[in-house]
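All letters in the sequence shown, in the order written, are residues 43 to 508 by this note's numbering. Accompanying notes for the structure given below.
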Amino acid sequence: MSEEGVTIDIRKYPGDTHVREDGKGGHYYTNEDGKRVNLAVEDYPDRDGTYTKFTHIPADGELGDIKYDGGFQIIIPAPTQGSNISVYYWKYDKIHYTPLVIQSTCEDTSVYYTTNNGLIWRKHGSIDANNLKKNLDEQNCERNRAHAMDISNRGSYTRNPYNCPSCKKYKIYSFIDLKSQCIVHDIIGGSSFISRFFEGEVEQTGFTQLTGISDINVYWSKGPINKPLLIYFFMNKQHRYKRYLGDTDWEVETSLDKSPWINYPQDVQSLLNQYTTPKVILDASYTDENKATYKPRRNTLNFKVSKKDVYQTNYLQYSHFRYEEDSESESKPFKLKNIEHKGKLLGISSEDLLTEVSVFYWNGDAQHNKPLLVELVVSGRNKYTYYRKANFYAKAWSKITNQETNRLEDELKTTLDDLKIIHFPESSPDVVTIVGASLGTVGTVITTVIGIWKWPAIMSFLITYL
43 MSEEGVTIDI RKYPGDTHVR EDGKGGHYYT NEDGKRVNLA VEDYPDRDGT
93 YTKFTHIPAD GELGDIKYDG GFQIIIPAPT QGSNISVYYW KYDKIHYTPL
143 VIQSTCEDTS VYYTTNNGLI WRKHGSIDAN NLKKNLDEQN CERNRAHAMD
193 ISNRGSYTRN PYNCPSCKKY KIYSFIDLKS QCIVHDIIGG SSFISRFFEG
243 EVEQTGFTQL TGISDINVYW SKGPINKPLL IYFFMNKQHR YKRYLGDTDW
293 EVETSLDKSP WINYPQDVQS LLNQYTTPKV ILDASYTDEN KATYKPRRNT
343 LNFKVSKKDV YQTNYLQYSH FRYEEDSESE SKPFKLKNIE HKGKLLGISS
393 EDLLTEVSVF YWNGDAQHNK PLLVELVVSG RNKYTYYRKA NFYAKAWSKI
443 TNQETNRLED ELKTTLDDLK IIHFPESSPD VVTIVGASLG TVGTVITTVI
493 GIWKWPAIMS FLITYL
(Lines of atoms letter the chains of each structure in order from A; the text may use other names.)
(Lines give C-alpha, C1' and ligand atoms only; values in the text may rest on other atoms or scores of the structure.)
Protein backbone atom coordinates (compact mmCIF):
# COMPACT_ATOMS: atom_id res chain seq x y z
CA MET A 43 0.00 0.00 0.00
CA SER A 44 1.09 3.60 -0.47
CA GLU A 45 2.66 5.55 2.36
CA GLU A 46 -0.25 8.01 2.14
CA GLY A 47 -2.83 5.30 2.76
CA VAL A 48 -5.09 5.42 5.81
CA THR A 49 -4.44 2.56 8.24
CA ILE A 50 -7.52 0.62 9.41
CA ASP A 51 -7.68 -1.13 12.80
CA ILE A 52 -10.40 -3.80 12.72
CA ARG A 53 -10.38 -4.11 16.54
CA LYS A 54 -11.96 -0.66 16.92
CA TYR A 55 -15.65 -0.67 17.90
CA PRO A 56 -18.17 1.60 19.72
CA GLY A 57 -17.36 1.30 23.40
CA ASP A 58 -13.63 1.24 22.76
CA THR A 59 -11.93 4.18 24.49
CA HIS A 60 -10.60 5.48 21.17
CA VAL A 61 -13.94 5.51 19.32
CA ARG A 62 -16.06 8.67 19.43
CA GLU A 63 -19.61 9.56 18.43
CA ASP A 64 -19.83 11.94 15.49
CA GLY A 65 -23.04 13.67 16.64
CA LYS A 66 -24.99 12.31 13.67
CA GLY A 67 -25.65 8.81 14.95
CA GLY A 68 -22.34 7.42 13.67
CA HIS A 69 -18.86 6.83 15.06
CA TYR A 70 -15.25 7.48 14.16
CA TYR A 71 -11.72 7.00 15.47
CA THR A 72 -8.34 8.58 14.83
CA ASN A 73 -5.73 6.07 13.71
CA GLU A 74 -2.06 5.82 14.70
CA ASP A 75 -1.13 8.42 12.07
CA GLY A 76 -3.72 10.94 13.27
CA LYS A 77 -6.10 10.30 10.36
CA ARG A 78 -9.84 9.96 10.83
CA VAL A 79 -11.67 6.73 10.03
CA ASN A 80 -15.48 6.71 10.05
CA LEU A 81 -17.09 3.62 11.55
CA ALA A 82 -20.56 2.38 10.51
CA VAL A 83 -22.29 -0.29 12.62
CA GLU A 84 -25.16 -2.57 11.62
CA ASP A 85 -26.63 -5.93 12.57
CA TYR A 86 -26.26 -8.78 10.12
CA PRO A 87 -28.01 -10.36 8.30
CA ASP A 88 -30.86 -8.13 9.53
CA ARG A 89 -31.81 -6.03 12.55
CA ASP A 90 -32.33 -9.19 14.63
CA GLY A 91 -29.21 -10.90 13.32
CA THR A 92 -26.59 -12.69 15.38
CA TYR A 93 -23.61 -10.90 13.86
CA THR A 94 -22.38 -7.31 13.95
CA LYS A 95 -20.86 -5.67 10.89
CA PHE A 96 -18.38 -2.80 11.34
CA THR A 97 -17.48 -0.86 8.19
CA HIS A 98 -14.29 1.25 8.34
CA ILE A 99 -14.29 4.16 5.87
CA PRO A 100 -11.27 6.48 5.52
CA ALA A 101 -12.58 10.03 5.93
CA ASP A 102 -9.85 11.48 3.73
CA GLY A 103 -7.49 9.48 1.56
CA GLU A 104 -7.09 5.97 0.22
CA LEU A 105 -7.17 2.73 2.16
CA GLY A 106 -3.83 1.80 3.69
CA ASP A 107 -2.74 -1.10 5.90
CA ILE A 108 -5.28 -3.36 7.61
CA LYS A 109 -4.26 -4.10 11.19
CA TYR A 110 -5.66 -5.81 14.28
CA ASP A 111 -5.32 -3.95 17.59
CA GLY A 112 -2.41 -1.87 16.33
CA GLY A 113 -0.38 -4.89 15.27
CA PHE A 114 1.06 -5.77 11.89
CA GLN A 115 -0.57 -5.95 8.45
CA ILE A 116 -3.00 -8.90 8.50
CA ILE A 117 -4.19 -9.17 4.88
CA ILE A 118 -1.70 -10.46 2.32
CA PRO A 119 -1.95 -9.46 -0.48
CA ALA A 120 -3.53 -6.15 0.57
CA PRO A 121 -6.97 -5.08 -0.77
CA THR A 122 -7.32 -2.67 -3.66
CA GLN A 123 -6.94 1.03 -2.92
CA GLY A 124 -10.27 2.83 -2.81
CA SER A 125 -11.88 0.00 -0.86
CA ASN A 126 -13.89 0.14 2.34
CA ILE A 127 -13.26 -2.57 4.91
CA SER A 128 -16.04 -4.38 6.80
CA VAL A 129 -15.40 -6.87 9.58
CA TYR A 130 -17.95 -9.29 11.05
CA TYR A 131 -18.09 -10.36 14.71
CA TRP A 132 -20.44 -12.63 16.63
CA LYS A 133 -22.77 -10.30 18.55
CA TYR A 134 -21.92 -12.04 21.84
CA ASP A 135 -18.21 -11.37 21.35
CA LYS A 136 -18.57 -8.26 23.49
CA ILE A 137 -14.87 -7.32 23.45
CA HIS A 138 -14.63 -8.01 19.71
CA TYR A 139 -11.68 -10.30 20.19
CA THR A 140 -12.37 -12.76 17.35
CA PRO A 141 -13.16 -11.31 13.91
CA LEU A 142 -14.79 -13.95 11.71
CA VAL A 143 -14.79 -12.58 8.15
CA ILE A 144 -13.30 -9.45 6.58
CA GLN A 145 -14.95 -7.91 3.52
CA SER A 146 -13.18 -5.52 1.14
CA THR A 147 -15.59 -3.56 -1.07
CA CYS A 148 -14.58 -1.41 -4.03
CA GLU A 149 -17.56 0.11 -5.86
CA ASP A 150 -19.93 -2.87 -6.34
CA THR A 151 -17.37 -5.66 -5.98
CA SER A 152 -16.61 -7.42 -2.70
CA VAL A 153 -13.76 -9.75 -1.78
CA TYR A 154 -13.91 -11.83 1.43
CA TYR A 155 -11.06 -12.96 3.68
CA THR A 156 -10.86 -15.61 6.40
CA THR A 157 -8.13 -16.86 8.73
CA ASN A 158 -7.09 -20.10 10.36
CA ASN A 159 -4.93 -18.59 13.09
CA GLY A 160 -6.16 -15.00 13.56
CA LEU A 161 -2.85 -13.62 12.29
CA ILE A 162 -2.78 -13.83 8.51
CA TRP A 163 -5.96 -13.43 6.48
CA ARG A 164 -6.29 -14.78 2.94
CA LYS A 165 -8.83 -14.39 0.18
CA HIS A 166 -11.69 -16.91 0.32
CA GLY A 167 -12.75 -17.55 -3.24
CA SER A 168 -16.11 -19.20 -2.58
CA ILE A 169 -17.77 -16.64 -0.26
CA ASP A 170 -20.30 -14.24 -1.76
CA ALA A 171 -23.30 -12.25 -0.55
CA ASN A 172 -25.58 -15.28 -0.93
CA ASN A 173 -23.61 -17.64 1.32
CA LEU A 174 -21.94 -15.16 3.69
CA LYS A 175 -24.26 -16.06 6.61
CA LYS A 176 -23.49 -19.77 6.17
CA ASN A 177 -19.75 -19.08 6.21
CA LEU A 178 -20.06 -16.85 9.27
CA ASP A 179 -21.83 -19.70 11.06
CA GLU A 180 -19.00 -22.07 10.17
CA GLN A 181 -16.32 -19.60 11.27
CA ASN A 182 -18.21 -18.98 14.51
CA CYS A 183 -18.12 -22.69 15.33
CA GLU A 184 -14.45 -23.05 14.48
CA ARG A 185 -13.05 -19.85 15.96
CA ASN A 186 -15.38 -19.17 18.92
CA ARG A 187 -16.23 -22.85 19.52
CA ALA A 188 -19.84 -21.63 19.56
CA HIS A 189 -21.66 -24.73 18.34
CA ALA A 190 -25.40 -24.89 17.79
CA MET A 191 -28.17 -27.35 18.52
CA ASP A 192 -31.36 -28.01 16.57
CA ILE A 193 -34.42 -27.64 18.80
CA SER A 194 -36.56 -29.39 16.17
CA ASN A 195 -34.61 -32.65 16.63
CA ARG A 196 -37.02 -35.01 18.42
CA GLY A 197 -34.40 -37.35 19.83
CA SER A 198 -35.09 -41.00 20.65
CA TYR A 199 -35.01 -43.34 23.63
CA THR A 200 -31.36 -44.04 22.86
CA ARG A 201 -28.65 -41.40 22.71
CA ASN A 202 -28.30 -40.59 19.00
CA PRO A 203 -26.02 -37.98 17.39
CA TYR A 204 -26.78 -35.32 14.80
CA ASN A 205 -24.52 -32.75 13.20
CA CYS A 206 -24.23 -29.21 14.53
CA PRO A 207 -26.58 -27.25 12.22
CA SER A 208 -24.00 -24.49 11.94
CA CYS A 209 -20.73 -26.19 10.96
CA LYS A 210 -22.29 -29.56 9.95
CA LYS A 211 -19.29 -31.31 11.55
CA TYR A 212 -19.47 -31.42 15.34
CA LYS A 213 -21.76 -34.01 16.92
CA ILE A 214 -24.66 -33.09 19.21
CA TYR A 215 -26.46 -35.92 21.03
CA SER A 216 -30.16 -36.00 21.88
CA PHE A 217 -32.43 -38.36 23.78
CA ILE A 218 -35.89 -38.41 25.40
CA ASP A 219 -36.00 -37.91 29.17
CA LEU A 220 -39.25 -39.59 30.24
CA LYS A 221 -39.05 -38.35 33.83
CA SER A 222 -38.77 -34.68 32.88
CA GLN A 223 -40.87 -35.11 29.71
CA CYS A 224 -38.37 -33.25 27.56
CA ILE A 225 -35.69 -33.74 24.91
CA VAL A 226 -32.13 -33.45 26.23
CA HIS A 227 -29.40 -32.22 23.88
CA ASP A 228 -25.78 -32.44 24.97
CA ILE A 229 -22.28 -32.07 23.57
CA ILE A 230 -19.17 -34.09 24.35
CA GLY A 231 -15.82 -32.35 24.50
CA GLY A 232 -14.43 -30.11 27.19
CA SER A 233 -13.41 -27.30 24.82
CA SER A 234 -16.68 -26.95 22.88
CA PHE A 235 -20.10 -25.87 24.10
CA ILE A 236 -23.64 -25.20 22.93
CA SER A 237 -23.91 -21.46 22.39
CA ARG A 238 -26.60 -21.07 19.74
CA PHE A 239 -29.99 -22.53 18.81
CA PHE A 240 -31.47 -23.35 15.42
CA GLU A 241 -34.86 -24.68 14.39
CA GLY A 242 -33.96 -26.47 11.20
CA GLU A 243 -32.17 -23.78 9.17
CA VAL A 244 -33.60 -20.83 11.14
CA GLU A 245 -31.43 -19.38 13.91
CA GLN A 246 -33.19 -18.47 17.15
CA THR A 247 -32.46 -15.17 18.94
CA GLY A 248 -33.22 -13.40 22.23
CA PHE A 249 -30.81 -15.29 24.49
CA THR A 250 -28.20 -13.66 26.66
CA GLN A 251 -24.64 -14.75 26.03
CA LEU A 252 -24.36 -18.50 26.46
CA THR A 253 -21.03 -19.87 27.65
CA GLY A 254 -19.97 -23.19 29.12
CA ILE A 255 -23.26 -25.01 28.45
CA SER A 256 -22.98 -28.69 27.65
CA ASP A 257 -26.62 -29.82 27.91
CA ILE A 258 -30.03 -28.26 27.22
CA ASN A 259 -33.60 -29.41 27.96
CA VAL A 260 -36.23 -28.66 25.30
CA TYR A 261 -39.94 -28.93 26.18
CA TRP A 262 -42.57 -29.57 23.51
CA SER A 263 -46.27 -28.78 23.66
CA LYS A 264 -48.66 -31.72 23.32
CA GLY A 265 -51.84 -32.14 21.33
CA PRO A 266 -52.60 -30.94 17.80
CA ILE A 267 -49.87 -28.29 18.03
CA ASN A 268 -46.66 -30.12 18.87
CA LYS A 269 -43.79 -27.63 18.94
CA PRO A 270 -40.68 -26.84 21.05
CA LEU A 271 -41.71 -23.78 23.07
CA LEU A 272 -39.61 -23.86 26.27
CA ILE A 273 -35.86 -24.25 26.84
CA TYR A 274 -34.08 -24.91 30.15
CA PHE A 275 -30.37 -24.93 30.96
CA PHE A 276 -28.12 -24.33 33.95
CA MET A 277 -25.38 -21.70 33.66
CA ASN A 278 -24.41 -20.53 37.16
CA LYS A 279 -28.14 -20.63 37.88
CA GLN A 280 -31.35 -21.94 36.29
CA HIS A 281 -32.37 -20.30 33.01
CA ARG A 282 -35.64 -20.75 31.13
CA TYR A 283 -36.67 -19.18 27.84
CA LYS A 284 -40.11 -19.29 26.23
CA ARG A 285 -41.57 -18.40 22.87
CA TYR A 286 -45.01 -18.24 21.32
CA LEU A 287 -45.89 -20.38 18.30
CA GLY A 288 -43.92 -19.27 15.25
CA ASP A 289 -41.52 -16.98 17.11
CA THR A 290 -37.80 -17.07 16.37
CA ASP A 291 -37.04 -14.63 19.20
CA TRP A 292 -37.22 -16.02 22.75
CA GLU A 293 -38.05 -14.34 26.07
CA VAL A 294 -37.02 -15.08 29.65
CA GLU A 295 -39.59 -17.25 31.48
CA THR A 296 -39.86 -16.80 35.26
CA SER A 297 -43.29 -18.15 36.27
CA LEU A 298 -41.88 -21.67 36.83
CA ASP A 299 -39.19 -20.53 39.28
CA LYS A 300 -41.39 -21.32 42.29
CA SER A 301 -43.14 -24.37 40.88
CA PRO A 302 -42.86 -27.39 43.25
CA TRP A 303 -40.78 -30.11 41.63
CA ILE A 304 -43.56 -32.68 41.97
CA ASN A 305 -45.90 -30.43 39.93
CA TYR A 306 -43.24 -29.33 37.47
CA PRO A 307 -44.20 -31.50 34.44
CA GLN A 308 -47.88 -30.55 34.72
CA ASP A 309 -47.07 -26.88 35.25
CA VAL A 310 -44.79 -26.91 32.21
CA GLN A 311 -47.47 -28.41 29.96
CA SER A 312 -50.07 -25.95 31.24
CA LEU A 313 -47.72 -23.13 30.34
CA LEU A 314 -46.88 -24.60 26.94
CA ASN A 315 -50.58 -24.75 26.08
CA GLN A 316 -50.73 -20.98 26.50
CA TYR A 317 -47.81 -20.49 24.12
CA THR A 318 -49.47 -22.46 21.30
CA THR A 319 -51.45 -19.31 20.49
CA PRO A 320 -49.12 -17.03 18.52
CA LYS A 321 -48.40 -13.51 19.74
CA VAL A 322 -47.06 -11.42 16.89
CA ILE A 323 -45.67 -8.04 15.86
CA LEU A 324 -47.67 -6.98 12.80
CA ASP A 325 -46.30 -4.57 10.20
CA ALA A 326 -48.68 -1.66 9.59
CA SER A 327 -46.52 -0.43 6.70
CA TYR A 328 -47.05 -3.66 4.77
CA THR A 329 -49.68 -2.75 2.17
CA ASP A 330 -48.95 -5.12 -0.73
CA GLU A 331 -52.24 -6.97 -1.01
CA ASN A 332 -51.07 -8.62 -4.24
CA LYS A 333 -48.36 -10.64 -2.49
CA ALA A 334 -49.55 -13.99 -1.19
CA THR A 335 -48.40 -13.59 2.43
CA TYR A 336 -45.86 -11.89 4.68
CA LYS A 337 -44.19 -12.97 7.92
CA PRO A 338 -44.41 -10.75 11.02
CA ARG A 339 -41.21 -9.59 12.65
CA ARG A 340 -39.19 -12.45 14.21
CA ASN A 341 -41.85 -14.97 13.26
CA THR A 342 -42.31 -17.76 10.71
CA LEU A 343 -46.12 -17.73 10.48
CA ASN A 344 -47.89 -16.38 7.41
CA PHE A 345 -50.23 -13.40 7.41
CA LYS A 346 -52.23 -11.97 4.53
CA VAL A 347 -53.27 -8.40 3.85
CA SER A 348 -56.51 -7.41 2.13
CA LYS A 349 -57.24 -3.90 0.92
CA LYS A 350 -60.57 -2.18 0.49
CA ASP A 351 -61.91 1.33 0.10
CA VAL A 352 -63.88 2.63 3.05
CA TYR A 353 -67.36 3.16 1.57
CA GLN A 354 -67.91 6.65 0.11
CA THR A 355 -64.75 8.08 1.67
CA ASN A 356 -61.16 8.95 0.73
CA TYR A 357 -59.71 6.30 3.04
CA LEU A 358 -58.21 2.84 2.63
CA GLN A 359 -58.45 -0.10 5.01
CA TYR A 360 -55.69 -2.74 5.13
CA SER A 361 -56.71 -5.83 7.11
CA HIS A 362 -54.09 -8.27 8.45
CA PHE A 363 -55.11 -11.82 9.32
CA ARG A 364 -53.39 -15.14 9.95
CA TYR A 365 -53.32 -17.45 6.97
CA GLU A 366 -52.73 -21.19 6.57
CA GLU A 367 -53.38 -22.96 3.28
CA ASP A 368 -54.67 -26.14 4.91
CA SER A 369 -56.85 -24.33 7.46
CA GLU A 370 -60.61 -24.95 7.33
CA SER A 371 -61.26 -21.37 8.41
CA GLU A 372 -59.72 -18.40 6.61
CA SER A 373 -58.23 -16.93 9.76
CA LYS A 374 -56.95 -18.51 12.96
CA PRO A 375 -56.84 -16.48 16.19
CA PHE A 376 -53.70 -14.76 17.43
CA LYS A 377 -52.62 -12.28 20.10
CA LEU A 378 -50.92 -8.97 19.45
CA LYS A 379 -47.47 -8.34 20.90
CA ASN A 380 -47.09 -5.00 19.10
CA ILE A 381 -47.53 -3.20 15.79
CA GLU A 382 -44.62 -1.69 13.94
CA HIS A 383 -44.69 0.94 11.22
CA LYS A 384 -41.58 1.37 9.06
CA GLY A 385 -39.43 -0.15 11.79
CA LYS A 386 -40.91 1.84 14.69
CA LEU A 387 -43.03 0.11 17.33
CA LEU A 388 -46.39 1.80 17.97
CA GLY A 389 -46.99 0.34 21.45
CA ILE A 390 -50.34 -1.27 20.58
CA SER A 391 -50.85 -4.74 22.10
CA SER A 392 -53.69 -7.05 23.10
CA GLU A 393 -54.13 -10.24 25.14
CA ASP A 394 -57.49 -10.86 23.46
CA LEU A 395 -57.76 -13.56 20.81
CA LEU A 396 -57.96 -11.60 17.57
CA THR A 397 -59.02 -12.61 14.09
CA GLU A 398 -58.06 -9.42 12.31
CA VAL A 399 -56.19 -6.14 12.70
CA SER A 400 -56.99 -3.28 10.31
CA VAL A 401 -54.96 -0.15 9.62
CA PHE A 402 -56.62 2.88 8.00
CA TYR A 403 -54.85 5.40 5.76
CA TRP A 404 -55.91 8.54 3.91
CA ASN A 405 -55.66 7.76 0.19
CA GLY A 406 -53.70 10.97 -0.35
CA ASP A 407 -50.89 9.48 1.76
CA ALA A 408 -49.31 7.65 -1.18
CA GLN A 409 -46.31 6.36 0.80
CA HIS A 410 -48.44 5.28 3.78
CA ASN A 411 -46.35 7.39 6.13
CA LYS A 412 -49.11 8.14 8.66
CA PRO A 413 -51.59 5.47 9.71
CA LEU A 414 -54.70 7.20 11.08
CA LEU A 415 -56.61 4.49 12.90
CA VAL A 416 -56.07 0.88 14.04
CA GLU A 417 -58.95 -1.56 14.57
CA LEU A 418 -58.64 -4.83 16.54
CA VAL A 419 -61.33 -7.46 15.93
CA VAL A 420 -61.80 -9.96 18.79
CA SER A 421 -62.44 -13.59 17.88
CA GLY A 422 -65.94 -14.95 18.49
CA ARG A 423 -67.21 -11.80 20.20
CA ASN A 424 -68.88 -8.62 19.11
CA LYS A 425 -65.96 -6.56 20.35
CA TYR A 426 -63.86 -4.01 18.48
CA THR A 427 -61.07 -1.86 19.89
CA TYR A 428 -59.71 1.28 18.21
CA TYR A 429 -56.45 3.17 18.61
CA ARG A 430 -55.34 6.55 17.26
CA LYS A 431 -52.96 9.42 17.93
CA ALA A 432 -55.08 12.02 19.66
CA ASN A 433 -53.19 15.10 18.43
CA PHE A 434 -50.55 16.17 15.94
CA TYR A 435 -47.70 15.99 18.45
CA ALA A 436 -48.69 12.78 20.22
CA LYS A 437 -45.96 10.16 20.31
CA ALA A 438 -48.09 7.36 21.76
CA TRP A 439 -51.19 5.70 20.38
CA SER A 440 -54.19 5.73 22.70
CA LYS A 441 -57.39 3.72 22.88
CA ILE A 442 -60.70 5.33 21.95
CA THR A 443 -62.25 4.56 25.33
CA ASN A 444 -65.89 5.06 24.38
CA GLN A 445 -65.61 2.59 21.51
CA GLU A 446 -64.51 -0.72 23.02
CA THR A 447 -67.45 -2.90 22.02
CA ASN A 448 -69.35 -1.69 18.97
CA ARG A 449 -67.82 -1.33 15.55
CA LEU A 450 -67.40 2.13 14.11
CA GLU A 451 -69.82 2.23 11.19
CA ASP A 452 -71.63 5.52 10.62
CA GLU A 453 -69.04 7.24 12.82
CA LEU A 454 -66.06 5.81 10.90
CA LYS A 455 -65.92 8.52 8.24
CA THR A 456 -66.28 11.28 10.84
CA THR A 457 -63.51 9.77 12.97
CA LEU A 458 -61.18 9.43 9.97
CA ASP A 459 -61.99 12.97 8.80
CA ASP A 460 -61.08 14.36 12.22
CA LEU A 461 -57.83 12.38 12.28
CA LYS A 462 -56.92 13.53 8.76
CA ILE A 463 -57.34 17.17 9.77
CA ILE A 464 -55.09 16.56 12.77
CA HIS A 465 -52.33 14.70 10.96
CA PHE A 466 -52.60 16.27 7.48
CA PRO A 467 -53.54 19.90 8.22
CA GLU A 468 -52.00 21.06 4.95
CA SER A 469 -54.64 19.04 3.07
CA SER A 470 -57.48 21.25 4.39
CA PRO A 471 -57.57 24.86 3.06
CA ASP A 472 -59.43 26.16 6.12
CA VAL A 473 -56.91 24.71 8.59
CA VAL A 474 -53.50 26.01 9.60
CA THR A 475 -50.87 24.66 11.99
CA ILE A 476 -49.25 27.20 14.29
CA VAL A 477 -46.15 25.89 16.01
CA GLY A 478 -44.51 27.92 18.73
CA ALA A 479 -45.94 31.20 17.48
CA SER A 480 -45.82 34.09 19.95
CA LEU A 481 -48.80 36.38 19.70
CA GLY A 482 -48.87 39.77 21.39
CA THR A 483 -46.88 42.96 21.78
CA VAL A 484 -44.57 44.34 24.41
CA GLY A 485 -46.52 44.98 27.57
CA THR A 486 -49.29 42.54 26.72
CA VAL A 487 -49.78 38.89 27.47
CA ILE A 488 -47.63 36.77 25.13
CA THR A 489 -49.34 33.54 24.25
CA THR A 490 -47.62 30.56 22.65
CA VAL A 491 -49.95 28.54 20.50
CA ILE A 492 -49.08 24.98 19.60
CA GLY A 493 -51.80 23.16 17.78
CA ILE A 494 -54.03 22.98 14.76
CA TRP A 495 -56.62 25.71 14.41
CA LYS A 496 -59.23 26.54 11.81
CA TRP A 497 -59.11 30.06 10.33
CA PRO A 498 -62.23 31.41 12.11
CA ALA A 499 -60.75 30.46 15.49
CA ILE A 500 -57.44 32.10 14.59
CA MET A 501 -59.10 35.35 13.48
CA SER A 502 -61.13 35.47 16.68
CA PHE A 503 -57.95 34.93 18.71
CA LEU A 504 -56.09 37.69 16.85
CA ILE A 505 -58.95 40.17 17.26
CA THR A 506 -59.07 39.47 20.99
CA TYR A 507 -55.34 39.76 21.73
CA LEU A 508 -54.07 42.15 19.06
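In this text, a Cβ means the ideal position worked out from N, Cα and C, and glycines have one as well.
Is the beta carbon of residue i less than 8 Å from the beta carbon of residue j?
i: PRO270; j: ILE193; result: yes
i: ARG187; j: PHE240; result: no
i: SER208; j: ALA190; result: yes
i: SER128; j: THR156; result: no
i: LYS77; j: ASP107; result: no
i: ASP97; j: ALA82; result: Contrary to the premise, residue 97 reads as Thr rather than Asp in this sequence. Yes, these two residues count as a Cβ contact at 8 Å.
i: LEU161; j: ILE116; result: yes
i: ASP459; j: VAL420; result: no
i: ILE169; j: ASN158; result: no
i: CYS183; j: TYR204; result: no
i: PHE376; j: VAL322; result: yes
i: TYR70; j: VAL79; result: yes
i: LYS95; j: TYR130; result: yes
i: TYR428; j: LEU450; result: yes
i: SER222; j: ASN268; result: no
i: THR32; j: SER263; result: Lying outside 43 to 508, the shown extent of the chain, residue 32 is not represented and no answer is given.
i: HIS166; j: TYR154; result: yes
i: TYR426; j: ASN411; result: no
i: GLN181; j: LEU142; result: yes
From the DSSP secondary-structure annotation, give me the bridge partner or partners of residue i.
i: HIS189; result: ILE236
i: ALA82; result: THR97
i: GLN359; result: LYS350 and PHE402
i: PRO203; result: TYR215
i: PRO56; result: ASP58
i: ILE225; result: ILE218 and VAL260
i: THR156; result: ARG164
i: THR151; result: CYS148
i: TYR71; result: VAL61 and VAL79
i: ARG430; result: SER440
i: PHE275; result: HIS281
i: VAL310; result: DSSP output for VAL310 lists no bridge partner at all.
i: SER1; result: Any question about residue 1 goes unanswered here, given that the chain covers just 43 to 508.
Report, in whole angstroms, the separation of the C-beta atoms of residue i and residue j, which I expect to be a contact under 8 Å.
i: ASP228; j: ASP257; result: 4 Å
i: GLU398; j: SER361; result: 5 Å
i: TYR283; j: PRO320; result: 17 Å between Cβ atoms; not a contact.
i: ILE464; j: ASN433; result: 6 Å
i: GLY112; j: ASP51; result: 6 Å
i: LEU314; j: LEU272; result: 6 Å
i: TYR353; j: ASN405; result: At roughly 13 Å, the Cβ-Cβ gap does not stay under 8 Å, so TYR353 and ASN405 are not in contact.
i: CYS224; j: TYR261; result: 5 Å
i: ASN126; j: ILE99; result: 5 Å
i: GLY248; j: GLU293; result: 6 Å
i: TYR365; j: LYS346; result: 4 Å
Considering only C-alpha positions, which residue in the set the options is nearest to residue i?
i: THR456; options: TYR365, ASN158, THR335 and THR355; result: THR355
i: GLY197; options: ASP102, CYS183 and ILE214; result: ILE214
i: ASP75; options: ILE255, LEU105 and ASP64; result: LEU105
i: ASN341; options: ASN73, GLY160, ASN380 and PHE434; result: ASN380
i: LYS54; options: LYS66, THR72, ASP64 and GLY67; result: THR72
i: ARG185; options: THR140, LEU174 and GLN223; result: THR140
i: GLU417; options: LEU314, LEU378 and GLY385; result: LEU378
i: GLY242; options: ASN195, TYR199, VAL61 and ASN173; result: ASN195
i: LEU414; options: ARG423, ILE442 and THR92; result: ILE442
i: PHE114; options: GLU84, TYR93, TYR134 and THR49; result: THR49
i: THR290; options: THR296, PRO307, THR250 and LEU343; result: LEU343
i: GLU468; options: ASN448, GLU453, ASP407 and SER312; result: ASP407
i: GLU382; options: VAL401, GLU245, LYS175 and PRO307; result: VAL401
i: GLN246; options: CYS206, ASN202, ASP309 and ASP90; result: ASP90
i: ASN332; options: SER373, LYS210 and SER348; result: SER348
i: ILE390; options: ASP368, GLN359, GLU367 and LYS431; result: LYS431
i: THR250; options: GLY288, LYS350, GLU295 and VAL244; result: GLU295
i: ASP88; options: ARG339, ALA436, GLY422 and GLN409; result: ARG339
Report yes if the C-beta of residue i is less than 7 Å from at least one heavy atom of the ligand GTP; otherwise report no.
i: LYS321; result: Among the components of this structure there are no ligands whatsoever, and the ligand GTP is therefore not found.
> On the three-pair Cβ rule with 8 Å, is the region 275-288 touching the region 326-336?
Replying inline: no
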